[in-house]
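Numbering (the UniProt record's numbering), first residue to last: 1 to 291.
Glycine included, C-beta positions come from ideal geometry on N, C-alpha and C.
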């Protein structure tokens, strides 16, 4: 069976925009190419400047994913599902509303992880009641996925217990295994003064470094950013609520102003294409509303 990549499909079908279609060159379902969608930092419950459409962008993103010509294998939300509140009842109400909204996704598998807005004030208790464990792993088409929780600890650490779990999880993997890590905060010190780091992230990276094919996808910084730690690639995702400035580009970490002429500039979600036969991932960014 010959393969056809995304761009070839678009040319044959005469389609415009971003479409991701994968083919299986090996004929083995467990070795087939696939793609997933990453959304991050929806901050459901946020209101006011700089996003006058705060109650609309999540719905628009769900509609955009549902409109894809081919459904992704899964969707993953990389944290800050809801906006922070110190009212436990309100926190649960927002989590329930978020869960109801994203239940409209026409995808069989949707995976979640918390951000500090969801979990730091109660160590993930409410989040876990709605979405289950805050860290876990799973396998999909020859790729091992690891979800790390670096937000439930108010100090912004992964913690010794979870690092021990990571050791056990990685012990089952070959050194050339395809490994993808999902986390909310960056595992490297991007800009600690703005809380853009993980206190013991270096310990997690030290454990991952012996593996040849590791990629990290994260959120938290509300913008696209790419970084290498040795051979480990880190890719951050845009937010669906407001954009933030480049690391250290201004004195304070403050949301970028809403531009009525380009209302969804800096907001978006992404598709990621890969498979068991290649160590590379192809990333495609989308705006909330197609221009």
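query: What is the DSSP secondary structure of residue 273, reduced to helix, strand or coil?; result: strand
query: For residue 283, which residues in the same chain have their Cβ closer than 7 Å to its Cβ, ignoring the five residues on either side in sequence?; result: 235, 270, 272
query: Within a Cβ cutoff of 8 Å, which residues of the same chain sit near residue 173, ignoring the five residues on either side of it in sequence?; result: 144, 179, 211
query: Where does residue 41 fall in DSSP's three states?; result: coil
query: Looking at C-alpha atoms only, which residue of 266, 246, 206 is the closest neighbour of residue 170?; result: 206
query: Going along the chain, which unbroken runs of the beta strand (DSSP E) with 3 or more residues stay wholly within the segment 216 to 257?; result: 225 to 229, 232 to 236
query: What's the call for residue 280, buried or exposed, on a 16-neighbour Cβ count within 10 Å?; result: exposed
query: Would you say residue 56 and residue 117 are within 9 Å of each other, going by their C-beta atoms?; result: no
query: Please report how far the alpha carbon of residue 54 lies from the alpha carbon of residue 242, in whole angstroms.; result: 9 Å
query: Please report the Cβ distance between residue 157 and residue 200, rounded to the nearest whole angstrom; I am assuming they are in contact, meaning their Cβ atoms lie under 8 Å.; result: 5 Å
query: Tell me whether residue 121 sits in a helix, a strand or coil according to DSSP, three-state version.; result: coil
query: Tell me whether residue 205 sits in a helix, a strand or coil according to DSSP, three-state version.; result: helix
query: To the nearest angstrom, how far is it from the Cα of residue 177 to the Cα of residue 244?; result: 34 Å
query: Taking the alpha carbon of residue 257 as the point to measure from, which residue in 48, 218, 66, 127 has its own alpha carbon closest?; result: 48
query: Which first and last residues belong to the alpha helix (DSSP H) in which residue 101 is found?; result: 88 to 102
query: Just to confirm my understanding: we take residue 219, look at its own chain, exclude 5 residues before and 5 after, and list those with CB closer than 6 Å. What are they?; result: 40, 41, 78, 79, 184, 237
query: Hey, how far is the Cα of residue 202 from the Cα of residue 139?; result: 24 Å
query: When the Cα of residue 76 is compared with those of 32, 147, 188, 287, which residue comes out closest?; result: 147
query: What is the DSSP secondary structure of residue 143, reduced to helix, strand or coil?; result: strand
query: Cα separation between residue 228 and residue 246?; result: 17 Å
query: Excluding the 5 residues flanking residue 318 on each side, which residues of the same chain have their C-beta closer than 8 Å to its C-beta?; result: Any answer about residue 318 is impossible in this case: the structure gives the chain only from 1 up to 291.
query: Between which two residues does the beta strand (DSSP E) carrying residue 47 extend?; result: Here residue 47 belongs to no beta strand (DSSP E), and DSSP marks it neither H nor E.
query: Apart from the five residues just before and just after residue 159, which ones in its own chain have a Cβ nearer than 6 Å to its Cβ?; result: 153
query: Output the boundary residues of the beta strand (DSSP E) element that contains residue 287.; result: 282 to 287
query: Can you name the start and end residues of the beta strand (DSSP E) that residue 65 belongs to?; result: Note, residue 65: premise wrong, no beta strand (DSSP E); alpha helix (DSSP H) at 57 to 66.
query: Could you give the distance in angstroms between the alpha-carbon of residue 190 and the alpha-carbon of residue 196?; result: 6 Å
query: Using DSSP bridges, identify the partner residues of residue 76.; result: 38, 111
query: Could you give the residue range of the beta strand (DSSP E) that holds residue 181?; result: 178 to 182
query: Below 6 Å CB to CB, which residues in the same chain sit around residue 85 once its five sequence neighbours on both sides are set aside?; result: 91
query: Return the CA-CA distance between residue 66 and residue 38, expressed in angstroms with no decimal places.; result: 13 Å
query: Taking residue 61 and residue 288 to be in contact with their CB atoms under 8 Å, please state how far apart those CB atoms are, rounded to whole angstroms.; result: 6 Å
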